[in-house]
Each structure stands twice: as C-alpha cells, then as structure tokens.
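Take 24 as the starting number for the sequence shown in the numbering used here and just add one per residue. All C-beta atoms in this analysis are idealised placements derived from N, C-alpha and C, irrespective of residue type, glycine included. Below is one structure, written out as structure tokens, with a few remarks after it.
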Amino acid sequence: METTLILLKPDTVERGFIGQVITRLEQKGLKISGLKMMQLSDELVTEHYDFLADKPFFPNIKAYMMRTPVVAIAASGANAIATVRMLTGATNPQEALPGSIRGDFGLTIDGNIIHASDSAETAEIELKRFFGGSDVFEYSRGFDGVL
Ligand code: CMP
Numbered sequence: 024m025e026t027t028l029i030l031l032k033p034d035t036v037e038r039g040f041i042g043q044v045i046t047r048l049e050q051k052g053l054k055i056s057g058l059k060m061m062q063l064s065d066e067l068v069t070e071h072y073d074f075l076a077d078k079p080f081f082p083n084i085k086a087y088m089m090r091t092p093v094v095a096i097a098a099s100g101a102n103a104i105a106t107v108r109m110l111t112g113a114t115n116p117q118e119a120l121p122g123s124i125r126g127d128f129g130l131t132i133d134g135n136i137i138h139a140s141d142s143a144e145t146a147e148i149e150l151k152r153f154f155g156g157s158d159v160f161e162y163s164r165g166f167d168g169v170l
C-alpha cells in the first residue's frame, strides 16, 4: 500500500472540478487518506517547485499556484504513486490523452489541473510538506484494492 500527494491546482478549484477529479481517484479504487484546502504561500510554492527555479516560466507557476487556494489530497492504495501519475496524464494537457485527467479537463500547460508525486521519495517529502506528518488517516473501507 502506497500513499501519494496530489494537489488540485487553482484552475480546478476555480472551474468547479474538485468533485469530478476526486471521483476519478475514488472510482479507480484509491482511498482518500487526507484532504484539505490550502492557500499556498510564496515560501511553500518556491520549495515545492525548487527544481524549476531557473526556468523562465517559474514566476508564472508561482503566480498560478497562489492565485486561488488548492486542494491537497493524500491518496492511498496499491501502487498509488504510479497509478495516480497514469490517471493524471502527460504534464502538458495538449499532449495528455483523452481519458486522463489533464486530457479531459485541461487545455494548455498554463493550467494543468493537478500535481501528483512522481516517485516514492518525492511522495514522502511532499506528503510531509503539505500534511506535516499529521492529518493523514488510516481507516478501512472494507475493500482497498488488495484482497
Ligand atoms: P507539475 O506536474 O505540478 O510539475 C511541474 C509543473 O511545472 C508542471 O506541473 C506545470 O504546472 C509546470 N510546467 C512545466 N513545464 C512548463 C512550461 N513549459 N511552461 C509553464 N509551466 C510549466
């Protein structure tokens, strides 16, 4: 069982797609283990996207991520990290296949709907960053995709 960190980005919140995206995660069999709305600070966005700090589009990412609150989700299940990356689709919605979250809800890279951790190492760091080691819950739904 793995847990991964997901952010529903400002465009998802502004366009009213929070529920539809969460539904896709639950439909797949993933369990919502943590859920909160957060207004991101400059410091938190800078830390989260530190690896993009030298990119010309970095100021745009910061403005985008702080424009409206985001919804942070801890999602758990078998192979959750790779599974969620598969559900999200390619980073650029123009390249994301129909059927994927970015393919179905996004139009351009300037609003790519969702962020999801890309590895076990990143998931651990990002879950701490957004949930601070607390507010992630363990509970049974009877069926968690593992028999
Ligand atoms: P995310 O999956 O959160 O991880 C890195 C983010 O950087 C990515 O989603 C996009 O929001 C953003 N990004 C990546 N490439 C570009 C680009 N060429 N122009 C603008 N934003 C980008």
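Bridge partners - residue i, DSSP secondary structure assignment
{"i": "L30", "result": "A95 and H138"}
{"i": "G100", "result": "E25"}
{"i": "M61", "result": "V93"}
{"i": "P121", "result": "S123"}
{"i": "K54", "result": "S99"}
Residues of its chain near residue i, where Cβ-Cβ distance is below 6 angstroms and the 5 sequence neighbours each way are ignored
{"i": "F128", "result": "F40 and I136"}
{"i": "I132", "result": "N115"}
Proximity below 9 angstroms, CB of residue i to CB of residue j
{"i": "A98", "j": "I148", "result": "no"}
{"i": "V107", "j": "K59", "result": "no"}
{"i": "K51", "j": "L120", "result": "no"}
{"i": "V36", "j": "P92", "result": "yes"}
Cutoff 7 angstroms; reference residue i; Cβ partners in own chain excluding five residues on either side
{"i": "A103", "result": "E25, T26, T27 and L53"}
{"i": "R47", "result": "L110 and I124"}
{"i": "D141", "result": "R108"}
Minimum C-alpha distance to residue i - residue among the options
{"i": "E161", "options": "Y72, R47, S56 and I45", "result": "S56"}
{"i": "A101", "options": "R38, L31, E49 and K32", "result": "E49"}
{"i": "A86", "options": "Q117, E37, P33 and G155", "result": "P33"}
{"i": "F154", "options": "R164, T91, E118 and L67", "result": "L67"}
Proximal residues to residue i (C-beta, below 8 angstroms), its chain only, five neighbours per side dropped
{"i": "A248", "result": "Here the chain covers residues 24 to 170 and nothing more, so residue 248 does not appear."}
{"i": "E43", "result": "For the record, residue 43 in the displayed sequence is Gln; it is not Glu. F128."}
{"i": "S64", "result": "M89"}
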